[in-house]
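To start, the structure itself, in C-alpha cells.
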DNA sequence: TTGCCATATTGTAATGATTACAATTAAATT
DNA sequence: AATTTAATTGTAATCATTACAATATGGCAA
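Chains as they are written, first to last, in the numbering used here: chain A, 1 to 149; chain B, 150 to 298.
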C-alpha cells in the first residue's frame, strides 16, 4: 500500500546518510498519506496509538530533519500552529478562518520573476491566503448573510 | 513630524470608537515610522525607554487590536517570531536566512485571480519568500562560493 | 548472525512567546 | 471636576518548542 513517492523518499534519505529508523519511517509514511497539513500534535497522537513508545520530541526532531533536507515544508500561516506539508509542487495555502481547514491551491510564482528580487537568492516561496471556504460560506450565508469587511 | 498617513489612521480609530490612549498612539506612531517589521519585543524595548510605564501586555493588546481592525498585518514567515507591518499596499515579504532581515517587494496577486478559489471568500493574502539577500550574498560569495541547493 | 559504535529516541526540565485575569489607572463625556 | 467606561498593568498560567543526559536502536563489520 506504499505511495509511489515513498520509495523515492527513502532513497533520498539513504543518499543523505540518514538512518531509516522505525519512527522516522512512520512519520514520513504519515506525511505521504495525510495531505491535511498536520500539526506536530496531530502526527504525534495518530502515531502514538500504533507506536506507544513514540515521543513527541522524536516527532519534532524528525520533522526538523525532514525540513532541513528539503523533504517537508513548514506552514506558518497562523501563530501557534506550525503545520507540515510534504508536497513539493508549486502551490499556495488557503486557511479558512471559520473551520480552520487548510486548502492547497495551485499557483505559479516562477513564471514571472519579481524584478525587485533579481539580485536575491530565493530558496523558498510560499503564498498564504485566509478567508472563508465555500462550505463555511454556505452555512453562514443561510443564517446571517453578514459581511466581514 | 507626523507621517501623512498618521492622521488618517487616527480618524479610522475614532470612527471605530477606539479610545486614543497614550500607549496606543505610541505604538501606532512607532509602526508608521519603522517599516522594519518589528517584533513585539522590539517595539516594547524601543517604547519602554521613553514611556517606562508601558507594559509588554499593552503592546500585545494594542497590536492585536490593530490587526483586528485591519490596520496592521501579521507576518508569520518564521516560527517564534511574529512580526508586524503597517503597510497596506500589495506586497510580499522576503526573509534573508543569513542576516534575518525582512524585505518588502511588490507583487500583485489580484490581477490574475486563482481559478481554484473562485468560490472562496478571500480576506487576506500574503507571499513569503526566503533566501539570501544581496548584501549577504556578496559576503558569502567572496569567501566560500558555496551553493545551498 | 552477533557485537559494536554511532546515532536516534526518550522523558523531563527549561525556555520563550503569548494570553488570562483581577486590580489599578486613565480617557472622554457630563 | 466627577463619573463611567475602557485601557493598562503585572503576575501567573499556558502552550509550543527545545535542551540535554540517559537509554535504546540501526546498520555495518566480523
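We treat Cβ as the ideally placed atom computed from N, Cα and C, and that holds for glycine.
Since this is a predicted model, take the numbers as computed values, not measurements.
First and last residue of the beta strand (DSSP E) that includes residue i?
i	result
residue 244 of chain B	240-245
residue 250 of chain B	Segment: none, residue 250 of chain B is in no beta strand (DSSP E) and carries neither H nor E.
residue 222 of chain B	222-224
residue 45 of chain A	Not the beta strand (DSSP E): residue 45 of chain A falls in the alpha helix (DSSP H), residues 40-50.
residue 131 of chain A	121-132
residue 83 of chain A	83-85
Would you please verify whether the beta carbon of residue i is less than 8 Å from any beta carbon of chain B?
i	result
residue 68 of chain A	no
residue 106 of chain A	yes
residue 114 of chain A	yes
residue 85 of chain A	no
Can you name the residues of chain B whose CB is closer than 7 Å to the CB of residue i?
i	result
residue 133 of chain A	269
How many whole angstroms separate the CB atoms of residue i and residue j, which I take to be in contact at a CB cut-off of 8 Å?
i	j	result
residue 199 of chain A	residue 90 of chain A	Not covered by the structure: residue 199 of chain A. The range shown for chain A is 1 to 149.
residue 120 of chain A	residue 105 of chain A	With 8 Å as the limit, residue 120 of chain A and residue 105 of chain A do not qualify as a contact, their Cβ atoms being about 25 Å apart.
residue 219 of chain B	residue 276 of chain B	Incorrect: roughly 18 Å between the Cβ atoms, too far for contact.
residue 176 of chain B	residue 196 of chain B	7 Å
residue 77 of chain A	residue 102 of chain A	7 Å
residue 39 of chain A	residue 81 of chain A	6 Å
residue 272 of chain B	residue 131 of chain A	4 Å
residue 32 of chain A	residue 88 of chain A	About 12 Å; that fails the 8 Å criterion.
Please list the partners that residue i has in chain A, where partner means a Cβ-to-Cβ separation under 8 Å.
i	result
residue 243 of chain B	117, 120 and 122
residue 246 of chain B	123
Is the CB of residue i under 8 Å away from at least one CB in chain A?
i	result
residue 231 of chain B	yes
residue 183 of chain B	no
residue 197 of chain B	no
residue 214 of chain B	no
residue 178 of chain B	no
residue 286 of chain B	yes
residue 259 of chain B	no
residue 297 of chain B	Residue confidence for residue 297 of chain B is low, a pLDDT of 40 falling below 50, so the modelled location carries little weight and cannot support an answer.
residue 153 of chain B	In this prediction, residue 153 of chain B has a pLDDT of 44, which is less than 50 and means its spatial position is unreliable; what the coordinates show is noted afterwards. So, not an interface residue.
Alpha helix (DSSP H) containing residue i: first to last residue?
i	result
residue 67 of chain A	56-68
residue 105 of chain B	A query on residue 105 of chain B cannot be resolved here, the shown segment of chain B reaching from 150 to 298 and no further.
Would you kindly work out how many angstroms separate the C-alpha atoms of residue i and residue j, rounded to a whole number?
i	j	result
residue 212 of chain B	residue 221 of chain B	7 Å
residue 208 of chain B	residue 21 of chain A	45 Å
residue 282 of chain B	residue 125 of chain A	14 Å
residue 210 of chain B	residue 10 of chain A	47 Å
residue 41 of chain A	residue 155 of chain B	42 Å
residue 100 of chain A	residue 223 of chain B	17 Å
residue 83 of chain A	residue 107 of chain A	19 Å
residue 204 of chain B	residue 260 of chain B	42 Å
residue 287 of chain B	residue 278 of chain B	19 Å
residue 52 of chain A	residue 136 of chain A	36 Å
residue 185 of chain B	residue 194 of chain B	14 Å
residue 164 of chain B	residue 173 of chain B	15 Å
residue 168 of chain B	residue 161 of chain B	11 Å
residue 264 of chain B	residue 79 of chain A	28 Å
Given that residue i touches chain B, what residues does it touch there, using C-beta distances under 9 Å?
i	result
residue 128 of chain A	225, 273, 274, 275, 276 and 277
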